[in-house]
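Quick note, the sequence shown lines up with residues 1 to 231 if you use full-length UniProt numbering.
Even for Gly, the Cβ is constructed at its ideal location relative to N, Cα and C.
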Amino acid sequence: MASDRGRVLVVDDEPQLLRALRINLRARGFEVITAADGASALAAAARHSPDVVVLDLGLPDMDGVTVLHGLRGWSTVPVIVLSARTDAADKVTALDAGADDYVTKPFGMEELLARLRAAIRRGAVVAGPTPSPVVRAGSIEVDLAATRVLRDGGPVRLTPTEWGILELLVRADGNLVSQREILGAVWGPAYVTQTNYLRVYLASLRRKLEDDPSRPAHLITEAGMGYRFMR
């Protein structure tokens with residue numbers, strides 16, 4: 001089925017929810033692929049190359065976090081977790097495993113659609129090469145054209161959301177980027193007040209890139225204002 005919005009892989013073991021999402025997303029121009037368990041989800045992702053994955057955590061054959069780890073072994077496709085788990089620890093675990101967003105059930109269809117569109121935009125930015133220089137900062141090397149990060153010469157795997165934040169800060173070349181600017185550019189204008197998103201993702205970036213995440217040398221916070229990347 002041709003699509004002008006993008007290809008979505010929906011992974012959930014609730015048949016009614018799968019049917020509802022398939023109908024709603026197709027009605028809005030998305031191509032929809034569904035999977036009811038983790039093994040089928042990984043196979044479908046490899047076979048169909050979706051633009052975004054909507055993933056439940058409570059699957060019958062494996063936990064959704066295991067599916068995330070499987071995907072992140074070879075793919076940077078944006079992943080939106082759609083789960084009934086509301087505990088903060090579950091959200092942090094999913095985000096640390098490579099999820100780009102987290103939506104709790106029950107959810108509003110319009111909110112999910114907005115998050116899908118934002119995730120697809122971020123994924124497209126990551127996939128699109130641009131003629132940009134390599135930026136080096138200490139042991140970090142950021143290749144903006146190849147969308148690649150090295151630390152001490154070895155590759156660092158970033159999620160599309162993490163890359164979107166890092167690219168914005170690196171391109172600012174040491175200048176302050178406000179919280180609202182980052183949220184608007186990476187998530188979209190509807191999310192400019194969601195500063196808790198930034199705290200989670202900056203913490204994850206520092207764990208991956210900084211020698212001492214508790215005393216960052218490159219990803220600098222300006223309290224109450226925003227962030228800057230220092231070489």
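| Query | Result |
| --- | --- |
| Three-state class that DSSP yields for R207 in the structure shown | helix |
| Where the alpha helix (DSSP H) through G164 begins and ends | 160 to 171 |
| Candidates V10, D87, G29, of which the one nearest V77 by Cα | V10 |
| Assigned secondary structure, G58 (DSSP; H/G/I helix, E/B strand, else coil) | strand |
| C-beta atoms of D51 and L57 nearer than 8 Å | no |
| Cβ neighbours of H218 in the same chain (closer than 8 Å, five flanking residues each side left out) | A137, G138, I140, L209, E210, F229, M230, R231 |
| The stretch 101 to 113 contacting the stretch 81 to 91, beta-carbon criterion three pairs below 8 Å | yes |
| CB contact flag (L168, V177, <8 Å) | yes |
| Distance, A39 Cα to A163 Cα | Before going on, a small fix: residue 163 reads as Trp here, not Ala. Roughly 27 Å between the two C-alpha positions. |
| Of the listed residues A223, R28, T93, nearest to M109 (C-alpha basis) | R28 |
| Same chain, Cβ closer than 6 Å to V135, neighbours up to 5 away in sequence not counted | V142, V170 |
| Cα-Cα separation between G226 and A203, rounded to whole angstroms | 14 Å |
| Opening and closing residue of the beta strand (DSSP E) in which E14 lies | No beta strand (DSSP E) holds E14; DSSP gives it neither H nor E. |
| Three-state class that DSSP yields for D51 in the structure shown | coil |
| Backbone secondary structure at L99 - three-state DSSP | Leu is not the amino acid found at residue 99; the sequence shown has Ala there. Residue state, collapsed to three classes: coil. |
| In DSSP terms, what V67 is bridged to | BP columns for V67 are empty, so no partner. |
| Limits of the unbroken beta strand (DSSP E) element including R151 | 148 to 151 |
| N- and C-terminal bounds of the beta strand (DSSP E) containing R228 | 226 to 229 |
| Separation of D212 from L116, as counted between CA atoms | 34 Å |
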